[in-house]
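Colleague: Supplied in structure tokens, the structure appears directly below.
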Amino acid sequence: MELVKDEDVIAIDIGTTALEFAKALVGKRRVTVITNSMKIAMVLSEDSNIRVLMVGGQVRSGEFSVSGHMADSDMDRFVTDKYFLGVGGLSLSKGITDYNLEESNLRRVVIENTQKVIALADYSKIGAVAMNKVCRLDQIDILVTDSNVDSFVVENLRKSDIEVIQVKV
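Throughout the sequence shown, residue numbering follows my numbering, covering 9 to 177 in sequence.
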């Protein structure tokens with residue numbers, strides 16, 4: 009929560025970790041949130057201090073996320089202070105990867121238009137590699153993860169000028 013300031017314009021990605029982050033925002037900050045997650049939009053819209061903007065596009069059932077060329081075009085119109093990026097996989101050699109083609113492209117659009125990229129990944133994502141490359145590690149400013157991540161990985165990320173914030177779970 010310390011990474012979000014009142015009046016920030018932030019983008020929040022999809023996924024369970026991003027959803028938990030969004031839930032923590034409720035009642036704590038006055039921000040504008042842009043998202044492609046219907047679940048996150050619904051949670052945040054309960055708080056009158058949070059302005060929620062939802063991008064359009066094709067809805068993926070189960071995940072209730074929106075992606076595709078319409079979402080890419082919508083998202084390309086915004087510049088955000090911070091992007092809270094969900095991670096399918098984070099590898100020291102391959103960077104950030106994900107499993108969904110369209111959502112990976114949308115993530116690249118958001119990364120191009122934000123001031124700071126904050127990756128959210130629990131230990132199970134570290135070392136995993138999915139088929140769609142999202143970005144290089146040098147495009148990430150901060151990684152928020154749990155205390156179960158191997159110290160070798162944390163040290164290598166820090167040597168690459170990535171701030172690593174580990175939280176207890």
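Using N, Cα and C, we set each Cβ at its ideal position, and we do this for glycine too.
1) Roughly how far, in whole angstroms, is the beta-carbon of V117 from the beta-carbon of D84, given that I think they are within contact range, below 8 angstroms?
2) Just how far apart, CA to CA, sit A30 and T43?
3) Could you check the C-alpha separation between S159 and G97 for me, to the nearest Å?
4) Can we say the segment 121-138 touches the segment 50-61, given the rule of at least three CB pairs closer than 8 angstroms?
5) If you run the structure through DSSP and keep just helix, strand and coil, what is V71?
6) The beta strand (DSSP E) that contains V175, what's its start and end?
7) Suppose you measure from the CA of E71 to the CA of N121; what does that come to, to the nearest Å?
8) Look up D82 in the DSSP assignment and say whether it is helix, strand or coil.
9) Have a look at the DSSP bridge pairing and note the partners of M62.
10) Check N108 in the structure and name its three-state DSSP category.
11) Verify whether the separation of the beta carbon atoms of D89 and K141 is less than 9 angstroms.
12) Measure the alpha-carbon distance for Y107 versus A138 and round it to whole angstroms.
13) According to DSSP, which residues form a beta bridge with N140?
Modeller: Considering the structure as presented:
1) 5 angstroms
2) 10 angstroms
3) 17 angstroms
4) no
5) The identity of residue 71 in the sequence shown is Glu, whereas the question assumes Val. In the structure shown, E71 sits in coil (DSSP, three-state: anything other than H, G, I, E or B).
6) E171 to V175
7) 24 angstroms
8) helix
9) T43
10) coil
11) no
12) 5 angstroms
13) D106
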